[in-house]
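Asks: Chains A and B, in that order, are what the protein sequence lines are.
Under full-length UniProt numbering, the residue at position 38 of the first sequence is numbered 38, and the numbers go up by one with no gaps.
Under full-length UniProt numbering, the residue at position 14 of the second sequence is numbered 14, and the numbers go up by one with no gaps.
Every residue gets a Cβ at the ideal spot worked out from N, C-alpha and C, and that includes glycine.
Since the model is a prediction, treat every value here as computed from it, not as a measurement.
There are 2 protein chains.
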Amino acid sequence: MTVTIYDVAREANVSMATVSRVVNGNQNVKPATRKKVLEVIERLEYRPNAVARGLASKKTTTVGVIIPDIANNVYAELARGVEDIATMYRYNIILANSDQHEDKELQLLDTMLGKQVDGIVMMSDEVTEKMQQTMDHSPVPIVLAGSVDESQTIATVNIDYFQAAYEAISLLIQNGHTRIGFVTGPLSYTINGKFKLAAYKKALQDAGLPIDEALIAAEESSYDMGLEAWEILSALEQPPTAYFAGSDELAIGLIHGAQDAGKNVPEDIEVISFENSKLARMVRPQLTSVALPLYDIGAVAMRLLTKLMSKEPVEDEAVILPHRIEHRQSVKSK
Amino acid sequence: MTVTIYDVAREANVSMATVSRVVNGNQNVKPATRKKVLEVIERLEYRPNAVARGLASKKTTTVGVIIPDIANNVYAELARGVEDIATMYRYNIILANSDQHEDKELQLLDTMLGKQVDGIVMMSDEVTEKMQQTMDHSPVPIVLAGSVDESQTIATVNIDYFQAAYEAISLLIQNGHTRIGFVTGPLSYTINGKFKLAAYKKALQDAGLPIDEALIAAEESSYDMGLEAWEILSALEQPPTAYFAGSDELAIGLIHGAQDAGKNVPEDIEVISFENSKLARMVRPQLTSVALPLYDIGAVAMRLLTKLMSKEPVEDEAVILPHRIEHRQSVKSK
DNA sequence: ATGAAAGCGCTAACAC
DNA sequence: GTGTTAGCGCTTTCAT
Numbered sequence: 001m002t003v004t005i006y007d008v009a010r011e012a013n014v015s016m017a018t019v020s021r022v023v024n025g026n027q028n029v030k031p032a033t034r035k036k037v038l039e040v041i042e043r044l045e046y047r048p049n050a051v052a053r054g055l056a057s058k059k060t061t062t063v064g065v066i067i068p069d070i071a072n073n074v075y076a077e078l079a080r081g082v083e084d085i086a087t088m089y090r091y092n093i094i095l096a097n098s099d100q101h102e103d104k105e106l107q108l109l110d111t112m113l114g115k116q117v118d119g120i121v122m123m124s125d126e127v128t129e130k131m132q133q134t135m136d137h138s139p140v141p142i143v144l145a146g147s148v149d150e151s152q153t154i155a156t157v158n159i160d161y162f163q164a165a166y167e168a169i170s171l172l173i174q175n176g177h178t179r180i181g182f183v184t185g186p187l188s189y190t191i192n193g194k195f196k197l198a199a200y201k202k203a204l205q206d207a208g209l210p211i212d213e214a215l216i217a218a219e220e221s222s223y224d225m226g227l228e229a230w231e232i233l234s235a236l237e238q239p240p241t242a243y244f245a246g247s248d249e250l251a252i253g254l255i256h257g258a259q260d261a262g263k264n265v266p267e268d269i270e271v272i273s274f275e276n277s278k279l280a281r282m283v284r285p286q287l288t289s290v291a292l293p294l295y296d297i298g299a300v301a302m303r304l305l306t307k308l309m310s311k312e313p314v315e316d317e318a319v320i321l322p323h324r325i326e327h328r329q330s331v332k333s334k
Numbered sequence: 001m002t003v004t005i006y007d008v009a010r011e012a013n014v015s016m017a018t019v020s021r022v023v024n025g026n027q028n029v030k031p032a033t034r035k036k037v038l039e040v041i042e043r044l045e046y047r048p049n050a051v052a053r054g055l056a057s058k059k060t061t062t063v064g065v066i067i068p069d070i071a072n073n074v075y076a077e078l079a080r081g082v083e084d085i086a087t088m089y090r091y092n093i094i095l096a097n098s099d100q101h102e103d104k105e106l107q108l109l110d111t112m113l114g115k116q117v118d119g120i121v122m123m124s125d126e127v128t129e130k131m132q133q134t135m136d137h138s139p140v141p142i143v144l145a146g147s148v149d150e151s152q153t154i155a156t157v158n159i160d161y162f163q164a165a166y167e168a169i170s171l172l173i174q175n176g177h178t179r180i181g182f183v184t185g186p187l188s189y190t191i192n193g194k195f196k197l198a199a200y201k202k203a204l205q206d207a208g209l210p211i212d213e214a215l216i217a218a219e220e221s222s223y224d225m226g227l228e229a230w231e232i233l234s235a236l237e238q239p240p241t242a243y244f245a246g247s248d249e250l251a252i253g254l255i256h257g258a259q260d261a262g263k264n265v266p267e268d269i270e271v272i273s274f275e276n277s278k279l280a281r282m283v284r285p286q287l288t289s290v291a292l293p294l295y296d297i298g299a300v301a302m303r304l305l306t307k308l309m310s311k312e313p314v315e316d317e318a319v320i321l322p323h324r325i326e327h328r329q330s331v332k333s334k
């Protein structure tokens, strides 16, 4: 039925070993032999069986990628970075969505290890202790992309979220704001709770400003939530005059909320976002935003993984990529 | 090193066959034996090797997914539909981006077949003859999702693009417009060239309206291209008073172009889009749009693939899903 | 430079 | 209900 390495060997009057050598680019084959084998391969339309190869060699040249949700732009961008580098190194990718459920993440990890992936890139907004342990026990290398591992025991690729958020809030403070709304997704997500919020408080503190818990809205990172956050915060007795938004969607919701209420951005209300997806340019006013290099995080994570998989020495297993603020129109420039 | 089925068999004092049976849920195992085996599995942390299993059974429970670009919302949405159903049927997914390059698509097809996937879901805006042939020769089932196969030989899942576009254009015509801009991505993409454009012409014709090639701008489906299309078309001596946009991004670009020029949408200019992503609600005015059920297309495609893979009889290999128009604010309601 | 042969870890008849 | 035994298609020593 399907043609195997044995068929090729027979047709070419050589052994399977020789066919294997030419298929794998081994130099120890006489050019004439190689040519002959190649011809037979072509003629028979032989296609090596990667599963058999994987069983024999204990390498599958496929890596697992676990992310919360591929339909979400943030993770899709990251996945693209991973895939591009994977392709470059001839790896394929098994992609799965966890929806940020711990049990699904755990189960996915198990499935992928069962499939004998050579490594795993994982993105999780909340790395639990149980996940840490499973990852530590993994027979193959794992790198966390855009995800914080508080145990510092797993390889990671991130930016300095605290510093980035601090700079963003500071920009608002410099513009004279004293009441700044803080709107993000769940604080249980490490990046929101341990970095963005901490930076928010620190920046306020450093500027001698009071922290008002009423200005903090952290529930879900969506457009509708941005709209809702505006409704709630703007109804306060002393509403914010500026907002830090944890994502572009949140920022756009906030801005539309303000505009629908007759406010102008940035004249009346200023908003700084934290993401800089292509959406940032697709609103009026265009978003001033901390640029989160999602694609690069994915790409670097995958590159790091290739090194780990081939046991190359790695300088640092906790990579921090540079970030910057993209100045556009939702924050006044001084 | 790693524990195999043989280790479990030895520890449990049974044969590999029995272990295999309990692992695969075969009922022909005495409950007591099953329990004993399960305990050993647990104790030894045995994890079946899917590669070995795949080699022996000739099934990998993984399917290939080839799409143009996962970072593009359209394809990501579709991919999510595929993945959800795949998970439901216990398949994993090997995901790869083709960037809509024929040679990459071909090569990806080959790689995946080499990896012994049990089936393939593919999305391609332009199914070439060569691809058709490769797909026809495939040893495993393939289904095209949101992609048209003009040879009618491969299983597909789509909506009636012609009809949907026809309805959209008609809506504009009913609102009294006689000069309607047509802005989409490349006409070489089957859906644009053979359906949307054809529907545009037909609708105009049916209404006794002339077709002006100058009103047709088909280059690239992006926000910037929408902006650019506005610049070009609005500069015409007799500029369009309404636009059909092939995607949400295009529509938003068009709208922003109009707004930046001091026009109001939908008062001065009406725009109907063809996609209805979550972006549609994130602009002012919100987009009236043909709802392209990307997630469903992906989900149904994967479901169809499961049937094909298990050789179940299939009623129709060319599924057409229903569509509808989501009426919002970029088109006046009568 | 090439071949022979022993697995890789599992499933799937086929016996008993 | 359980065990035995061939493979599945390839890589990889080890000889030669």
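How would you label Met122 of chain A, buried or exposed, when you count the other beta carbons within 10 angstroms and need 16 or more for buried?
Replies: So Met122 of chain A counts as buried.
Asks: With a threshold of 8 Å on Cβ separation, who are the neighbours of Gln163 of chain A within its own chain once the five nearest residues in sequence on each side are excluded?
Replies: Hits under 8 Å: Ala199, His323.
Asks: Run through DSSP, which three-state label would Tyr243 of chain B get?
Replies: The answer is strand: DSSP assigns Tyr243 of chain B an E or B state.
Asks: Can you tell me the Cβ-Cβ gap for Tyr189 of chain B and Asp248 of chain B, rounded? I've got them flagged as a contact below 8 Å.
Replies: The pair is not a contact, with the Cβ atoms about 16 Å apart (cut-off 8 Å).
Asks: Should Leu292 of chain A be labelled buried (16 or more other beta-carbon atoms within 10 Å of its own) or exposed?
Replies: With 16 or more other Cβ atoms within 10 Å, it is buried.
Asks: To which residues of the same chain is Arg328 of chain A closer than 8 Å at the C-beta, ignoring the five residues directly before and after it?
Replies: Ala280, Arg281, Pro285, Gln286, Leu287, Thr288, Ser289.
Asks: Starting from the beta carbon of His256 of chain B, find every residue of chain A whose beta carbon is closer than 8 Å, and list them in chain order.
Replies: Within chain A, the residues near His256 of chain B are Met282, Arg284.
Asks: Is Gln329 of chain B close to chain A, meaning its C-beta is less than 9 Å from at least one C-beta of that chain?
Replies: So no, Gln329 of chain B is outside the interface.
Asks: Can you tell me which of A:Ala207, A:Phe195, A:His256, A:Ile211 puts its alpha carbon nearest to the alpha carbon of Ser222 of chain A?
Replies: Nearest option by C-alpha distance: A:His256.
Asks: With 9 Å set as the bound, which would you pick, yes or no: does the beta-carbon of Glu42 of chain B sit closer than that to a beta-carbon of chain A?
Replies: Not an interface residue.
Asks: Of the choices B:Glu129, B:Ala86, B:Val140, B:Tyr91, whose alpha-carbon is the least far from that of Asp110 of chain B?
Replies: The residue with the shortest Cα to Cα distance from Asp110 of chain B is B:Val140.
Asks: Could you tell me the distance, in whole angstroms, from the CA atom of Gly253 of chain B to the CA atom of Asp224 of chain B?
Replies: Approximately 6 Å between the Cα atoms of the pair.
Asks: Using a Cβ-Cβ cut-off of less than 8 Å, list which residues of the segment 129-160 of chain A approach chain B; keep chain order.
Replies: So the list reads Pro139, given in the order they occur along the chain.
Asks: For Asn92 of chain A, decide whether its Cβ has a neighbour in chain B, counting only Cβ atoms nearer than 9 Å.
Replies: Closer than 9 Å to some Cβ of chain B, the Cβ of Asn92 of chain A qualifies, so yes.
Asks: From B:Leu209, B:Thr156, B:Gly54, B:Ile93, pick the residue whose C-alpha is nearest to that of Arg179 of chain B; which is it?
Replies: Comparing Cα-Cα distances from Arg179 of chain B to each of B:Leu209, B:Thr156, B:Gly54, B:Ile93, the minimum goes to B:Leu209.
Asks: Could you tell me whether the Cβ of Ala52 of chain B comes closer than 9 Å to any Cβ of chain A?
Replies: Chain A contact via Cβ: present.
Asks: Using only alpha-carbon positions, find the residue among B:Glu102, B:Ala318, B:Gln116, B:Val117 that is nearest to Glu129 of chain B.
Replies: Ranking the options by Cα distance to Glu129 of chain B, first place goes to B:Glu102.
Asks: Are the beta-carbon atoms belonging to Val283 of chain A and Leu172 of chain A less than 9 Å from one another?
Replies: No, Cβ-Cβ distance for Val283 of chain A and Leu172 of chain A is not below 9 Å.
Asks: By the 7 Å beta-carbon criterion, what residues does the UniProt domain "HTH lacI-type" (3-57) of chain A contribute toward chain B?
Replies: Residues passing the 7 Å Cβ filter: Arg47, Pro48, Asn49, Ala50, Val51, Ala52, Gly54, Leu55.
Asks: Using a C-beta cutoff of 9 Å, does Gly193 of chain A count as contacting chain B?
Replies: Closer than 9 Å: no.
Asks: To the nearest angstrom, how far is it from the Cα of Asn97 of chain B to the Cα of Ile67 of chain B?
Replies: Answer to the nearest angstrom: the Cα atoms are 5 Å apart.
Asks: According to DSSP, is Ile93 of chain A part of a helix, a strand, or is it coil?
Replies: Reduced to three states, the DSSP call for Ile93 of chain A is strand.
Asks: Please tell me whether, using a cut-off of 8 Å, the distance from the CB of Val283 of chain A to the nearest non-hydrogen atom of the ligand SAH is below it.
Replies: Of ligands this structure carries none, so the ligand SAH is not represented either.
Asks: Is Ala71 of chain B helix, strand or coil when you go by DSSP?
Replies: Coil.
Asks: Can you tell me where the alpha helix (DSSP H) holding Thr60 of chain B begins and where it ends?
Replies: Looking at the DSSP string, Thr60 of chain B is not in any alpha helix (DSSP H), and its letter there is neither H nor E.
Asks: Per DSSP, what kind of secondary structure is Met282 of chain B in: helix, strand or coil?
Replies: Correct three-state label for Met282 of chain B: coil.
Asks: Smallest Cα separation from Ala165 of chain B: which of B:Leu197, B:Met135, B:Gln152?
Replies: Selected option, being the one with the closest Cα: B:Leu197.
Asks: Let me know if Glu219 of chain A comes out buried or exposed under the rule of 16 or more other beta-carbons within 10 Å of its beta-carbon.
Replies: Flag for Glu219 of chain A reads exposed.
Asks: What in chain B is Cβ-close to Tyr189 of chain A, meaning under 7 Å?
Replies: Going along chain B, no residue has its Cβ under 7 Å from Tyr189 of chain A, so there is no contact; the nearest lies around 21 Å.
Asks: Can you pull the DSSP bridge partners for Ser273 of chain A?
Replies: The partner list for Ser273 of chain A (beta bridge, DSSP) reads A:Ser289.
Asks: Within 9 Å (strictly less), CB to CB, does Asn73 of chain A reach chain B?
Replies: So, interface residue.
Asks: For my contact list, residue 341 of chain B and Thr153 of chain B are in at a C-beta cut-off of 8 Å; report their separation, rounded to the angstrom.
Replies: The question about residue 341 of chain B has no answer, for chain B in this structure spans 1 to 334.
Asks: Do three or more CB pairs link the segment 296-309 of chain B to the segment 263-281 of chain B at distances below 8 Å?
Replies: Segments in contact, no.
Asks: Do you know offhand how far Met302 of chain B's Cα is from Thr87 of chain B's?
Replies: Roughly 10 Å between the two C-alpha positions.
Asks: Establish whether the CB of Asp110 of chain A and some CB of chain B are separated by less than 9 Å.
Replies: Answer yes: the Cβ-Cβ gap between Asp110 of chain A and chain B drops below 9 Å somewhere.
Asks: Using beta carbons (cut-off 9 Å, strictly below), is Ile269 of chain A in contact with chain B?
Replies: No, Ile269 of chain A lies away from the interface with chain B (no Cβ there is under 9 Å from its Cβ).
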